[in-house]
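*Asks:* Provided herewith is a single structure, encoded as structure tokens, for subsequent inquiry.
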Amino acid sequence: MDQKSNEMEMAMVHLAKPEINDQTEIYKVYKRRYIMASFFAFSTICSSMMFSTCNPIASVLAAVYEIPTFVVSLAANGFLLMHPLLTIVQTFIVNQTDISVSLKIGCALTLLGALIRTATVITERFYTIILGSLVAGMGRPFIINIQANVAKEWFRPEDKTTVMIAFSFIITCSSVFGVIVPGQIFKGYKYETDPDDGKWLTGKLMVIELEIFSAILIPAILFFRPSPPTPPGPINKSRDEFTYLQSLKITAKNKNFILLFICYSLLMGGFHALAVVISYLFNPFGFTPSQTSFIQSSPIICGFVSSVMYSILIRKYHLNHKKIVLFNLIPVLVSLGLSYFALMTESLPLVLLCYSVLGFFVIPCIPLQLELACKVLHPINQTIAVGFLLAGVHIWSFVFGEILSVITHDQNKTQAFYGCLLLFLSFLAAAICFSRVKLPKEDEEEETTQVNQSTQEGI
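As numbered in the working numbering, residues 100 to 558 make up the sequence shown, in order.
Take a look at the structure:
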């Protein structure tokens, strides 16, 4: 009944609006779309670097500032928690204005957070780094939640999936960039021999990152534009049909979106939680830190390869998104189910194979599920669909990561088994929820395919 009432409410809105003849509209794409996409991509990288700055040097910072490790972790965990807290604010702002306002707010908050962190040079206290991370975390939803809107406003409908795959890969893997700078700054540093240099190096790190962010984010604030003069296709027709409160009400009643929300949160939240506890799972089986780091990078490398491959296949053969995700979840579950047994063999090639398969098939599911969420909520603003899904991921990755950390804290084989089992159950529950999602008829896609042939190219 709820689904039927939603459909009736949408139909009433459409009947109240005048008919728009799509054939009279001029559709055009502009070369500057790549510049706008670059602004978004690099802004995302800066936000992710703010998140991962302290992670690779957490133990060093704990010793330098003489604080517990969980206090150091507050910089990253607090950053993540800001996303769900600010998502409603971000979606409201986009609903009332446009995506350029959202991106500029996000960039400004990221810069402000980076600036606050540099105060550690003066105060020599870690709380300034935590405060700066919280402020930058407030800006993250204003940046990454608009990925679907950027793809929709600037690119042809047939290019949207390819662009979404690229954006999702950047968002998922861009935190790697944040590990590079701290590693270089603290390379060769030992607290035992140079205790007084640690705070100076930390301040130097914060200043360098502020300079990097300023060079990237200030141009984005000045030159990012919300949309081109003419739309790239008829996918842009349904805008501003509902008030913000109506959109939230329809979203909360949409059973298919709720199922996608649960699925995406369990799947990607579990994937992020795995990255947090992977060393706890591997240590009992004698894997060295260098081997663990090598295995941990394999899902990202394989995910990059599969993302390129799937974008080509989807564009060329117009593959069904739901069937692709269902197919991919099968090897994902198999690889997770066998991961503990691979660890028991203490064979690096076998463990590497399991996690490579996991990354190869799970990373392409990210943009496809986001796009499916936009479809089941159509014509609700896409920022709401993407924003709430990403908020769910941040909440579950934090909660699940803490649960796994508690379970595996002694780092023995029994605890590693329970950790692997919980990861498998999280992914299995995600697969069950996704299999129950029912998609609407895709008549609009057939319409866009016909119009795309006459799309013009602009500057």
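Positions of the beta carbon are idealized from the N, C-alpha and C atoms, including for glycine.
At a cut of 8 Å, does the region 496 to 512 reach the region 203 to 210 through at least three beta carbon pairs?
*Replies:* These segments do not touch.
*Asks:* Going straight from the alpha carbon of Glu308 to that of Phe370, what length do you get?
*Replies:* Glu308 and Phe370: Cα-Cα distance of roughly 27 Å.
*Asks:* Which residues mark the beginning and the end of the beta strand (DSSP E) in which Lys127 is found?
*Replies:* From DSSP, the beta strand (DSSP E) with Lys127 extends over 127 to 129.
*Asks:* Roughly how many whole angstroms lie between the Cα atoms of Gln122 and Leu538?
*Replies:* Because Gln122 carries a pLDDT of 44, less than 50, the predicted location of this residue cannot be relied on, and the following value inherits that uncertainty. Those two C-alpha atoms are separated by around 27 Å.
*Asks:* Going by CA-CA distance only, name the one from Val461, Tyr454, Ser172, Thr387 that's closest to Gln395.
*Replies:* If we check each option's Cα against that of Gln395, Tyr454 comes out closest.
*Asks:* Going by beta carbon distance, what residues of the same chain come within less than 7 Å of Leu522, once the five residues before and after it are set aside?
*Replies:* Only Gly369, Leu373, Leu435 meet the Cβ criterion.
*Asks:* Using CA coordinates, which residue listed in Leu488, Ala161, Phe266 is at the minimum distance from Ser147?
*Replies:* Ranking the options by Cα distance to Ser147, first place goes to Phe266.
*Asks:* Which stretch, first to last residue, makes up the alpha helix (DSSP H) that contains Phe341?
*Replies:* Unbroken run through Phe341: none, as it is neither H nor E.
*Asks:* Is the region 232 to 249 in contact with the region 172 to 181, if contact means three or more CB pairs nearer than 8 Å?
*Replies:* Touching, yes, given that three or more Cβ pairs across the two stretches are closer than 8 Å.
*Asks:* Whose C-beta lies closer than 8 Å to the C-beta of Gln390 among residues of the same chain, with five residues either side of it excluded?
*Replies:* The residues are Phe381, Leu447.
*Asks:* Can you give me the C-alpha to C-alpha distance between Ile349 and Asn244, rounded to a whole angstrom?
*Replies:* Each residue's alpha carbon lies about 19 Å from the other.
*Asks:* Between Ala515 and Tyr439, what straight-line distance do the alpha-carbon atoms span, to the nearest angstrom?
*Replies:* Their backbone Cα atoms lie some 8 Å apart in a straight line.
*Asks:* Can you tell me which of the three DSSP states Tyr439 falls into?
*Replies:* Residue state, collapsed to three classes: helix.
*Asks:* Where does Ser534 land, buried or exposed, given buried means 16+ other C-beta within 10 angstroms?
*Replies:* Exposed, since its Cβ has fewer than 16 Cβ neighbours within 10 Å.
*Asks:* Buried or exposed: Met367, going by 16 or more other Cβ atoms within 10 Å of its Cβ?
*Replies:* Under this definition Met367 is a buried residue.
*Asks:* Can you give me the start and stop residues for the alpha helix (DSSP H) that Pro466 sits inside?
*Replies:* Per DSSP, Pro466 belongs to the alpha helix (DSSP H) from 464 to 476.
*Asks:* What's the C-alpha gap between Val376 and Arg255?
*Replies:* Taking the straight line joining both Cα atoms gives about 40 Å.
*Asks:* Looking at the unbroken alpha helix (DSSP H) that takes in Val188, where does it start and where does it end?
*Replies:* Residues 168 to 195.
*Asks:* For Asn480, count the other beta carbons within 10 Å of its own beta carbon; 16 or more makes it buried, fewer makes it exposed. Which is it?
*Replies:* Per the 10 Å Cβ criterion, buried.
*Asks:* Below 8 Å, can you find three or more Cβ-Cβ pairs linking the region 163 to 175 to the region 462 to 472?
*Replies:* They do not touch, by the three-pair rule.
*Asks:* Quick check on Asn120: buried or exposed, where buried means 16 or more other Cβ atoms within 10 Å of its Cβ?
*Replies:* Interpretation of Asn120 is limited by its pLDDT of 43, a score under 50 that renders its predicted location unreliable; the figure taken from the coordinates is listed afterwards. Exposed.
*Asks:* What is the DSSP secondary structure of Phe81, counted as helix, strand or coil?
*Replies:* Since the first and last residues shown for the chain are 100 and 558, residue 81 lies out of range.
*Asks:* With 16 other CB atoms within 10 Å as the buried threshold, where does Gly287 fall?
*Replies:* By the 10 Å Cβ count, Gly287 comes out exposed.
*Asks:* Please state the DSSP three-state secondary structure of Asn335.
*Replies:* The predicted model places Asn335 with a pLDDT of 45, which falls under 50 and marks its position as unreliable, so this point remains unresolved.
*Asks:* Does the count of Cβ pairs from the region 210 to 221 and the region 293 to 309 closer than 8 Å reach three?
*Replies:* The answer is yes - the region 293 to 309 touches the region 210 to 221, with three or more Cβ pairs under 8 Å.
*Asks:* What is the DSSP secondary structure of Ser525, reduced to helix, strand or coil?
*Replies:* Helix.
*Asks:* How many Å lie between Gly282 and Cys153 at the Cα?
*Replies:* Taking the straight line from one Cα to the other gives about 10 Å.
*Asks:* With DSSP as the reference, label His493 as helix, strand or coil.
*Replies:* Here His493 sits in helix by DSSP.
*Asks:* For the candidate residues Phe384, Pro318, Ile465, whose alpha-carbon lies nearest to that of Lys421?
*Replies:* For Lys421, the nearest C-alpha among the options comes from Ile465.
*Asks:* With C-beta atoms as the reference, is Tyr126 less than 8 Å away from Thr261?
*Replies:* No; because the gap between Cβ atoms is not below 8 Å, this pair is not in contact.
*Asks:* How many Å lie between Val163 and Val171 at the Cα?
*Replies:* Spanning the two alpha carbons is a distance of roughly 11 Å.
*Asks:* Could you give the C-beta distance for Ile411 and Ile269, rounded to a whole number, given that I count them as a contact under 8 Å?
*Replies:* That belief does not hold up - the Cβ atoms of Ile411 and Ile269 are roughly 18 Å apart, past 8 Å.
*Asks:* Pick helix, strand or coil for Asn248, following the three-state DSSP scheme.
*Replies:* Here Asn248 sits in helix by DSSP.
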